[in-house]
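Data first, discussion second: the structure below is written as structure tokens.
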Amino acid sequence: VASVEVPLFVTFHFINAYEEKDEEGKVVAVIADCCEHNANATILDKLRLQELRTFSGEDVLPDARVGRFIIPLDGSPTGKLEAALPPEEHGKGMDMCSVNPKFLGKPYRYAYACGAERPCNFPNTLTKIDLKEKIAKNWYDEGGVPSEPFFVGRPGAEAEDD
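Going by full-length UniProt numbering, the sequence shown opens with residue 1, and the numbers climb by one from there.
Okay, structure coming up:
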């Protein structure tokens with residue numbers, strides 16, 4: 001067991017994690033992606049029921065992004081925490097992610113989440129995240145509040161996002 005320091009942050013949900021290997025197949029790092037919120041507890045206040053019921057039209061949903069931990073396995077005491085794609089791609093709001101279950105614990109390209117069409121007080125889009133191209137595709141219906149997405153692959157599908 002070891003520990004690695006990363007910058008302070010708040011998360012409710014991890015997306016996926018996998019081992020990164022070098023050219024010879026040796027595991028050199030663990031990659032762990034999460035829904036990363038600003039490093040304070042503001043989001044806890046903003047998710048109180050009274051706050052959600054009294055939306056004034058002001059943009060109150062705290063910023064979030066897809067955060068990627070890079071945890072080295074070479075004994076280094078410091079890891080990295082960086083944006084896996086530009087937060088503007090998903091409205092700087094991101095939580096409740098899922099992936100194709102066939103890719104849990106493995107390198108993957110796509111994740112599905114609730115994002116944000118601003119101004120808002122709660123995630124209000126369904127978002128498909130492409131981590132390779134670093135883009136997101138958002139579905140939004142005014143007044144709609146989607147629930148946590150769950151990926152169901154097409155029977156016989158070979159592609160990760162099919």
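Ideal Cβ placement from N, Cα and C applies to all residues, glycine included.
Whose C-beta lies closer than 7 Å to the C-beta of residue i among residues of the same chain, with five residues either side of it excluded?
| i | result |
| --- | --- |
| F12 | C35 and D95 |
| residue 165 | As shown, the chain starts at 1 and ends at 162. That puts residue 165 outside it, with no answer to give. |
| I70 | A29, I31, G79 and K80 |
| P77 | V4 and E5 |
| P107 | Y18 |
| F55 | N121 |
| L52 | N121 and F122 |
Keeping to the same chain, check which residues put their C-beta closer than 8 Å to that of residue i; ignore five residues upstream and five downstream.
| i | result |
| --- | --- |
| P86 | K134 |
| G105 | N16, A17 and Y18 |
| F151 | S98, V99, N100, P101 and Y112 |
| L73 | V27, V28, A29 and V30 |
| E88 | none |
| A41 | V10 |
| K132 | R109 |
To the nearest whole angstrom, what separates the beta carbons of residue i and residue j, a pair I think is in contact under 8 Å?
| i | j | result |
| --- | --- | --- |
| P101 | L126 | Incorrect: roughly 18 Å between the Cβ atoms, too far for contact. |
| K92 | Y112 | Between Y112 and K92 the Cβ distance is about 18 Å, and since that is not below 8 Å, they are no contact. |
| N121 | K46 | 7 Å |
| D33 | R68 | 5 Å |
Along the alpha helix (DSSP H) that carries residue i, what are the first and last residues, could you check?
| i | result |
| --- | --- |
| L44 | T42 to K46 |
| L131 | First-last for L131: undefined, no H or E at that position. |
| L52 | L49 to R53 |
Measure the CB-CB distance between residue i and residue j and report whether it falls below 8 Å.
| i | j | result |
| --- | --- | --- |
| R109 | E160 | yes |
| N124 | A116 | yes |
| R154 | D141 | no |
Along the beta strand (DSSP E) that carries residue i, what are the first and last residues, could you check?
| i | result |
| --- | --- |
| E19 | V10 to K21 |
| residue 217 | No answer is possible for residue 217: it lies beyond the span of the chain, which begins at 1 and ends at 162. |
| V4 | V4 -> no beta strand (DSSP E), and no H or E assigned at all. |
| K80 | K80 to A83 |
| residue 176 | Nothing about residue 176 can be read from this structure; the chain reaches only from 1 to 162. |
| Y112 | Y110 to G115 |
| M96 | D95 to S98 |
Keeping to the same chain, check which residues put their C-beta closer than 6 Å to that of residue i; ignore five residues upstream and five downstream.
| i | result |
| --- | --- |
| N138 | G115, T125 and T127 |
| H90 | G115, T127 and A136 |
| L61 | G93, A116, C120 and N121 |
| A83 | R65 |
Can you tell me whether residue i sits near the ligand GTP, meaning its C-beta is under 7 Å from at least one heavy atom of the ligand?
| i | result |
| --- | --- |
| A113 | For the structure depicted, the ligand GTP is absent and the ligand set is empty, with no information on it obtainable. |
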